[in-house]
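Numbering-wise (the working numbering), the sequence shown opens with residue 624 and increments by one.
Virtual Cβ for every residue (Gly too), placed ideally from N, Cα, C.
None of the values given here were measured: they were computed from a predicted structure.
Some notes on the structure that comes next.
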Amino acid sequence: MHTPTDPALTASTGPKLIASALPNMPWQERPAGDNEPMWRHAANPIIDRRPFPGADRVYNSAVVPWKGGFAGVFRNDGRNGLPFLHVGRSADGLAWDFDHEPILFRQADGSIKQGSADYGYQYDPRVVPIDGRQYVIWCNDFHGPTIGLGYTDDFETFHQLENAFVPFNRNGVLFPRKIDGDYVMLSRPSDSGHTPFGDIYLSRSTDLIHWGRHRYVMGASGPGWWQNLKIGAGPAPIETSAGWLLFYHAVTKLCNGLVYSMGVALLDLNEPDKVLMRGDGYVLTPEMPYETTGLTPNVIFPCAALCDGETGRIAVYYGGADTFTNVAYTRIELILDWLEVHRIR
Ligand code: BMA
């Protein structure tokens, strides 16, 4: 793995992804004549309604490269409306097979927790590989929403760690490597309801149990209205030679409800609470039927990204309208060029 001080990076021309090659990741070229910084997979949604028995909506979910293919942890809302987490496996990152039973998390004392008997709900997972272990972060019920944390080494057995924070908090997202010897997590402190506020904070830990040295990263603000209500981290920050690339959800409130768009920012590699650049407009906003129509209209909610370090390709997985799972694409040089031009000055 490269480090920020790697001379190979300072000698390179143009920003690069600091990532392994992933030639089999999902990919489509930008359509001719399209000048947007991101473009949608032509066959979205990749996961439609009712993808397996007992699953009404699978969305806001997380995927990683796994054993030559892909694996992930998926949010499934069942018929009683409660969300739980399921394992999915895929050869191409687009067509998924799901475990029909929710994930069982082993506790430190050997007991197992599962489903509504032990959890009120579990939703919006992220999966972040750090030093070869797959960490799972999700919004966990602990007298209200907070950040649940666990890990797996095989997508068969899952171990649960302590909740990272006291309620209320959502959108826990780990960085994919330690920084200065610390695990680093972004999160969005919130209320117990539908949260009419939300800023992104950063916390550090040496053991994934005790979290502290909290820093403010950025808040709902900026020119225009699209990100004026709340914002929250999306996929794990993507390491590039120019900084950590962060896709995030950004929310505004209109007379018909909330609208969730996707924004992009660049954080300092060594001091990731420092924002180097932040877009003055969204890179994706609800337009397609699988974003504007569903359980919650007008929601784009990114939770995962795959990258190919060889070609600079990036695929972002996002929930649509709290109902569908979708993919959108960009390239590292395109998105950083766009950010440079469209940064808040
Ligand atoms: C957020 C979370 C997400 C959801 C979004 C839009 O607060 O609950 O799971 O996608 O609202 O409803």
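Starting from the C-beta of residue i, find all residues in its chain whose C-beta is less than 7 Å away, skip the five residues before and the five after it, and write them out in chain order.
i, result
"residue 673", "679"
"residue 662", "653, 654, 951 and 952"
"residue 954", "935, 936 and 937"
"residue 789", "769"
"residue 917", "943, 944, 945, 946 and 947"
"residue 601", "Outside the displayed span of the chain (624 to 968) sits residue 601, for which this structure offers no information."
Alpha carbon to alpha carbon, how far is residue j from residue i? Give it in angstroms, no decimals.
i, j, result
"residue 838", "residue 811", "12 Å"
"residue 884", "residue 847", "13 Å"
"residue 629", "residue 754", "Confidence is the limiting factor: at residue 629 the pLDDT is only 42, short of 50, which leaves the residue's position unreliable, though a coordinate-based value still follows. Distance between the alpha carbons of residue 629 and residue 754 is about 19 Å."
"residue 712", "residue 751", "16 Å"
"residue 958", "residue 911", "21 Å"
"residue 881", "residue 853", "10 Å"
"residue 938", "residue 714", "16 Å"
"residue 709", "residue 721", "7 Å"
"residue 952", "residue 930", "10 Å"
"residue 822", "residue 723", "35 Å"
"residue 856", "residue 766", "23 Å"
"residue 735", "residue 729", "5 Å"
"residue 633", "residue 932", "Note on residue 633: pLDDT 40, under 50, position unreliable in the model; the coordinate value appears next. Approximately 16 Å between the Cα atoms of the pair."
"residue 688", "residue 694", "6 Å"
"residue 908", "residue 705", "26 Å"
"residue 946", "residue 895", "32 Å"
"residue 701", "residue 677", "6 Å"
"residue 666", "residue 815", "36 Å"
"residue 682", "residue 802", "30 Å"
"residue 914", "residue 920", "7 Å"
"residue 772", "residue 656", "43 Å"
"residue 791", "residue 813", "5 Å"
"residue 640", "residue 660", "16 Å"
For residue i, does the three-state DSSP call read helix, strand or coil?
i, result
"residue 965", "helix"
"residue 813", "coil"
"residue 785", "coil"
"residue 826", "strand"
"residue 915", "helix"
"residue 695", "strand"
"residue 684", "strand"
"residue 741", "helix"
"residue 869", "strand"
"residue 891", "coil"
"residue 832", "coil"
"residue 903", "coil"
"residue 955", "helix"
"residue 624", "Unreliable positioning characterises residue 624 in this predicted model, as indicated by a pLDDT of 36, which lies under 50. The coordinate reading is nonetheless provided below. Three-state result, residue 624: coil."
"residue 732", "coil"
"residue 960", "helix"
"residue 661", "coil"
"residue 673", "coil"
Return the chain-ordered list of same chain residues with a C-beta closer than 6 Å to the C-beta of residue i, the five sequence neighbours on each side being excluded.
i, result
"residue 758", "751, 774 and 797"
"residue 900", "889, 962 and 966"
"residue 806", "828 and 831"
"residue 826", "808, 834 and 837"
Less than 8 Å between C-beta atoms, sequence neighbours within five positions excluded: which residues of the same chain meet that for residue i?
i, result
"residue 902", "886, 887, 888, 961, 962, 965, 966 and 967"
"residue 956", "637, 638 and 935"
"residue 843", "820, 821, 822, 850, 851, 852, 853, 854, 873 and 874"
"residue 627", "Summary for residue 627: the model assigns pLDDT 41, below 50, so the residue's position carries little reliability, and this model does not support an answer."
Does residue i come within less than 7 Å of chain C when only Cβ atoms are used?
i, result
"residue 690", "Any reference to chain C falls outside this structure, which holds one protein chain only."
Query - Stretch pair the region 854-867 + the region 890-905: three plus CB contacts closer than 8 Å - result: Touching, per the Cβ criterion.
Requested in this report: Would you check if the region 641-653 and the region 713-731 touch, i.e. whether three or more CB-CB distances between them fall below 8 Å?
Outcome: yes
Query - the region 782-790 touching the region 740-749, judged by at least three CB pairs closer than 8 Å - result: No: the two stretches stay apart, fewer than three of their Cβ pairs being nearer than 8 Å.
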